[in-house]
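Below is one structure, written out as structure tokens, with a few remarks after it.
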Amino acid sequence: MFLMFAMTTDAVGVIIPEVMKQFNLSMTAAGLLHYGPMIAIAIAGISLGFLADKLGRKATIIIGLMLFVLSSYMFLVGKSFGFFLALLMISGVAIGIFKTGALSLIGDISRSTKEHTSTMNNVEGFFGVGAIIGPFIVTYFLSKG
Numbered sequence: 030m031f032l033m034f035a036m037t038t039d040a041v042g043v044i045i046p047e048v049m050k051q052f053n054l055s056m057t058a059a060g061l062l063h064y065g066p067m068i069a070i071a072i073a074g075i076s077l078g079f080l081a082d083k084l085g086r087k088a089t090i091i092i093g094l095m096l097f098v099l100s101s102y103m104f105l106v107g108k109s110f111g112f113f114l115a116l117l118m119i120s121g122v123a124i125g126i127f128k129t130g131a132l133s134l135i136g137d138i139s140r141s142t143k144e145h146t147s148t149m150n151n152v153e154g155f156f157g158v159g160a161i162i163g164p165f166i167v168t169y170f171l172s173k174g
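Take the sequence shown: its position 143, counting from 1, is numbered 172 in this note's numbering, and each next residue is one higher.
So, in structure tokens, the structure goes:
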């Protein structure tokens with residue numbers, strides 16, 4: 030999922046010029062598509078991290094995933110910039126919730142500091158791969174029309 034989250038959040042930058050044309054936006058307004066979800070991830074991670082302790086790691090992961098799936102699906106019915114921005118913000122909250130549960134779970138199940146470090150490095154590696162391939166895929170589809 031970390032790969033998928035990076036693909037979706039980092040691919041947004043590639044579509045900004047298209048969104049600017051489609052909705053006649055300034056660069057500042059269109060930039061909200063990129064930094065809006067990042068702000069939501071940060072706020073959710075900081076303010077909703079307690080859910081991993083209160084509801085449990087797995088339940089928190091599932092809540093984050095369900096919210097992400099719902100917001101992703103809703104893009105099918107969207108027609109306005111504001112709606113798309115709201116969906117990206119909800120996706121950011123979902124990612125923040127998911128990450129607090131998932132990273133806590135990794136800490137819980139790691140049997141040693143070495144194992145924890147290795148697992149976290151792999152998680153971040155997958156995030157990095159997603160950040161590379163997401164924009165590439167979107168660029169490919171944009172070039173095909």
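We treat Cβ as the ideally placed atom computed from N, Cα and C, and that holds for glycine.
Note down the Cα distance separating residue i from residue j, rounded to an integer number of angstroms.
| i | j | result |
| --- | --- | --- |
| residue 106 | residue 97 | 16 angstroms |
| residue 103 | residue 151 | 31 angstroms |
| residue 6 | residue 65 | The requested residue 6 does not occur in the structure, where the chain is confined to residues 30 to 174. |
| residue 163 | residue 99 | 20 angstroms |
| residue 82 | residue 42 | 34 angstroms |
| residue 137 | residue 153 | 18 angstroms |
| residue 124 | residue 68 | 11 angstroms |
| residue 113 | residue 160 | 20 angstroms |
Specify the secondary structure class of residue i as computed by DSSP and reduced to three states.
| i | result |
| --- | --- |
| residue 111 | helix |
| residue 96 | helix |
| residue 150 | helix |
| residue 205 | What is shown of the chain runs 30 to 174, which leaves residue 205 out entirely. |
| residue 189 | Outside the modelled stretch of the chain, which goes from 30 to 174, sits residue 189, for which no answer is possible. |
| residue 30 | coil |
| residue 140 | coil |
| residue 55 | coil |
| residue 106 | coil |
| residue 84 | coil |
| residue 128 | helix |
| residue 174 | coil |
Judging by CA-CA distance, which residue of the options is the nearest neighbour of residue i?
| i | options | result |
| --- | --- | --- |
| residue 74 | 158, 145, 127 | 127 |
| residue 59 | 109, 91, 100 | 109 |
| residue 168 | 134, 47, 32 | 47 |
| residue 133 | 53, 72, 78, 31 | 78 |
Can you find the residues in the same chain that come closer than 6 angstroms, C-beta to C-beta, to residue i, ignoring five residues on each side of it along the sequence?
| i | result |
| --- | --- |
| residue 121 | 66, 69, 70 |
Taking 7 angstroms as the limit between beta carbons, can you name the residues of its chain near residue i, skipping five residues before and five after?
| i | result |
| --- | --- |
| residue 149 | 135 |
Between the segment 77–94 and the segment 34–41, can you find at least three pairs of beta-carbon atoms closer than 8 angstroms?
The segment 34–41, when compared against the segment 77–94, does not touch it at the 8 angstroms Cβ threshold.
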